[in-house]
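When the sequence shown is numbered by the numbering used here, its final residue is 2042 and no position is left out of the sequence of numbers.
Remarks on the structure that follows.
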Amino acid sequence: MNLQSPISAGGRIFKLYAGRLEKLGIFTLEDMLLHLPTRYEDYSVVSKIGEVQAGETVTVQGKVIEAKNQYLRSARIKTIQKVIISDDTGNIELIWFNQPFLIKSILVGSVISASGRIDKSPRTKSIKAPAFEILQQSQNQSIHTGRLIPVYPETKGITSKWLRRQIYNLLEQYLDELVEYLPEELINENDFMQYSRAIKEIHFPKDMDTANRAKNRLAFDELLLLQLAANKRRTAWKSKKITKSFKVQENEEEIDKLIESLPFRLTSSQLVAITELKNDLSSQTSMNRLLQGDVGSGKTIVAAVAMYITFLNGYQSVLMAPTEILATQHFKTISSFLSKFGVKTSLITRSNKLETENFDILIGTHAVLSEKINFSNLGFIAIDEQQRFGVAQRGTIRQKSENAHLLTMTATPIPRTVALTMYGDLDLSYLKEMPKGRIRIKTWLVPPEKRNAAYEWIRKKIIDTDSQVFIVCPFIEESESLQTIKAAKNEYERLTRDIFPDLKIGLLHGKLKAAEKNKVLNQFRKGEFDILVATPVVEVGIDIPNATIMMIEASERFGLSQLHQMRGRVGRGEKESYCLLFTDNDYAQNSRRLKGMETLYSGAELAELDLKLRGSGNMYGTSQHGLPNLKAANFSDTQLLQKAKKEAEKLFPELNNYPKLLEKINEITIEAVSPD
């Protein structure tokens, strides 16, 4: 057995807890050692019992002289566990609640180490709910007390205390297997810890300086491996020669006619992106490009031009979108642009299946991956909101054609520093401008005391200007643990009953079947609803020109990029539009993060602000939407990012000279950047 062994092979205790550990991303013994602390409790001050003062956070150690359960008739607190320990300077009482089993393990005469805050009660010295451990005579040092105590990401049935014990035991057994893989000269130049020491110290550091040095080494490793893996894939991709080199120069006249036929003028960013795509399509190397731009910046027409070039050269195209709503929207847009030029566009989703035998462009959801769909001559693949698809799904679509050109698109604003690391194997195109005529959406963070006034303002706007309104809630239904957070179903009922009984209100959420979603959206589009209460399912692919107000509940629960995407659902027509952000969180009311929505209208600038204030782990709300799952690093550490990028550029040409490093690179799979 070694560190690559499955976690269930680690012994009876791991076999018993394997299912729970997998929820934390722990599948092997090595994963267990790479499950890093999120913070530390400082219990490093070990004091004599007689010297401790009320309010101090300390560790005390002594012999147990009394241990008992005290039974109460209270509905909430049924038992109190009281343990008195003593050293040569005095006694102290340790108190727990509703844990009667503790008394069975804390025996009179044993030596206990306990950490916590000294209670201010004048009656006696005590610590309520302390961290504790029974000290064995053979034990060299404590694990849960008397030091910096690591606190880990947890799940049901897996506590930090349990994780600490198992990780401590694994380090005792397998520390020598943590082989150094970075070149010695790189370690010395940067004064890095050795890899095995960094793993040991990040779990059980002697002080915060040591913990920070360990984290810095492991964070650098993550960013370096990301960069090297991206460079490796980029080199492999560029080495693929293809026969699908399109004669773009011969098509310039037809391309110009398409662009002139559009009902709007392209922005300079769109024209630059189209030129970059033309160069890729005429190259002897397959295109592998990411097109990034805000909601409404015009990514679809850029992709449509590439599809038209593909059609002119006798090849088919496919566009895959993550939702039926978005796929249908793309179908309507692209077919309206290209049908007049003889291009046959078809749509396939779970509930819609048009002609799938004879087409030039196929647009659809995951349904395009079906074995029943055959391409006679596929030359161009576009994947929208690509971060929502897994590696396997992207690989399946690419297997439909050998070395087809690949364009991935995203409206999720990604800071450039993040994009260069996440998508280091892709060529990048940015749409920095919005089309002329788009009205800036006025955005306000609304205080709780103005909620009722906001409702009246919304009613007036609906009646006076015949506008429609989105009201977005984070969840579908109310959760027991999050009862203060507004849920879509409850809010729909409350608004219908108490606030807007005179208005027509619809409800849209992710648990509705595709046909039901389309029905609700069509009703909203036709004006049958004044207000649509929804979950973040409206984040992408919904175009309702008459919707002018976006009201977002519990806005603090979303990343700025997600808020920006939802804000982009309004302001798509000619009327002035508004976004109202609500939060009952006092801290969020004054937060620089949400206030940024009032003054910043560029998705890239908002993403940079979110990265600076919250870090990469929270940029996109409750999930990372395809970001690499960094354990130690943070994309906001631009200095370390630049260092990793610089070292990767130096190392990459000589990578074959470092077999251990190469082996490490081959182990990692990064969903956010893998092109196949």
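A virtual CB, placed ideally from N, CA and C, is assigned to each residue, including glycine.
Note that the structure is predicted; figures quoted are calculated from it, not measured.
Burial state of residue i, where buried means 16 or more other Cβ atoms lie within 10 Å
i	result
R1923	buried
M1574	exposed
D1896	buried
T1425	buried
I1379	exposed
T1601	exposed
K1978	exposed
L1382	exposed
N1740	exposed
I2031	buried
P1902	buried
F1467	exposed
P1911	exposed
L2007	buried
E1550	exposed
V1474	exposed
D2003	buried
F1630	exposed
E1432	exposed
A1973	buried
D1542	exposed
K1566	buried
Nearest-angstrom Cα separation, counted from residue j out to residue i
i	j	result
N1368	Y1540	8 Å
S1736	S1742	15 Å
F1498	Y1437	22 Å
K1885	Q1532	53 Å
Y2024	N1597	15 Å
E2029	A1999	21 Å
Y1944	L1657	28 Å
T1809	T1525	42 Å
S1957	L1811	10 Å
F1948	P1801	29 Å
D1909	K1710	23 Å
A1495	E1520	19 Å
V1871	H1401	Residue identity differs from the one stated: residue 1871 is Ile in this sequence, not Val. Cα to Cα, I1871 sits roughly 46 Å from H1401.
R1806	E1971	15 Å
P1867	L1873	15 Å
T1776	G1664	11 Å
L1744	T1676	9 Å
Y1681	N1769	13 Å
H1771	I1625	22 Å
K1855	T1689	22 Å
L1325	A2010	Residue 1325 is absent from the model: the chain starts at 1367 and stops at 2042.
F2018	T1774	26 Å
K2045	L1861	Because the chain spans 1367 through 2042 in this model, residue 2045 falls outside it and cannot be assessed.
Q1312	H1569	Outside the modelled stretch of the chain, which goes from 1367 to 2042, sits residue 1312, for which no answer is possible.
Selection from the options that minimises the alpha carbon distance to residue i
i	options	result
R1442	N1464, S1702, N1457, G1456	N1464
E1546	K2016, T1694, L1584, L1382	L1584
I1828	T1731, E1857, F1890, L1869	L1869
I1415	I1842, I1478, Y1518, I1714	I1478
I1865	A1384, R1825, L1704	R1825
D1485	I1553, F1707, L1628, I1458	I1458
F1586	E2013, P2019, R1959	E2013
D1976	L1929, G1934, K1997, D1950	L1929
G1482	L1501, L1460, D1397	L1460
I1837	Q1502, S1374, N1718, I1918	I1918
A1920	D1408, P1814, Q1593	P1814
S1683	N1718, Q1650, N1724, Q1695	N1724
K1738	K1766, T1394, L1628, A1748	K1766
K1604	D1646, T1778, Y1858	D1646
F1346	L1536, S1712, Y1561, K2016	Residue 1346 lies beyond the residue range present for the chain, which begins at 1367 and ends at 2042; the question has no answer from this structure.
Rounded distance between the beta-carbons of residue j and residue i, thought under 8 Å
i	j	result
I1472	V1430	6 Å
I1727	I1700	7 Å
R1716	A1880	5 Å
E1751	A1687	7 Å
M1916	V1899	With a Cβ gap of about 12 Å, M1916 and V1899 do not count as contacting.
V1671	I1640	5 Å
G1512	V1412	5 Å
- List in chain order: all unbroken alpha helix (DSSP H) runs of 4+ residues lying wholly within the region 1852 to 1906. Here the runs fully enclosed are 1854 to 1860, 1880 to 1891.
- Message: Ignoring anything shorter than 3 residues, give me the beta strand (DSSP E) runs that lie fully in the region 1424 to 1499, in order along the chain.
- Response: Within the region 1424 to 1499, the complete beta strand (DSSP E) runs of at least 3 residues fall at 1445 to 1453, 1456 to 1463, 1477 to 1483, 1492 to 1494.
- Just list the beta strand (DSSP E) runs in the region 1653 to 1703, keeping only unbroken ones of 3 residues or longer that don't cross its boundaries, in chain order. Taking only runs of at least 3 residues, the beta strand (DSSP E) segments lying wholly in the region 1653 to 1703 are 1654 to 1659, 1682 to 1686.
- Query: In the region 1941 to 1975, which residue ranges form an unbroken beta strand (DSSP E) of at least 3 residues, counting only runs that do not cross its ends?
  - Reply: Entirely contained in the region 1941 to 1975, the beta strand (DSSP E) runs reaching 3 residues are, in chain order, 1944 to 1948.
- Query: What are the complete beta strand (DSSP E) segments, minimum 3 residues, inside the region 1558 to 1640?
  - Reply: Listed in chain order, nothing qualifies, since the region 1558 to 1640 has no complete beta strand (DSSP E) run of 3 or more residues.
- Can you give, in chain order, each stretch of the alpha helix (DSSP H) that sits fully within the region 1374 to 1401 and has at least 4 residues? Counting only runs of 4 or more residues that sit fully inside the region 1374 to 1401, the alpha helix (DSSP H) segments are 1378 to 1389, 1395 to 1399, in chain order.
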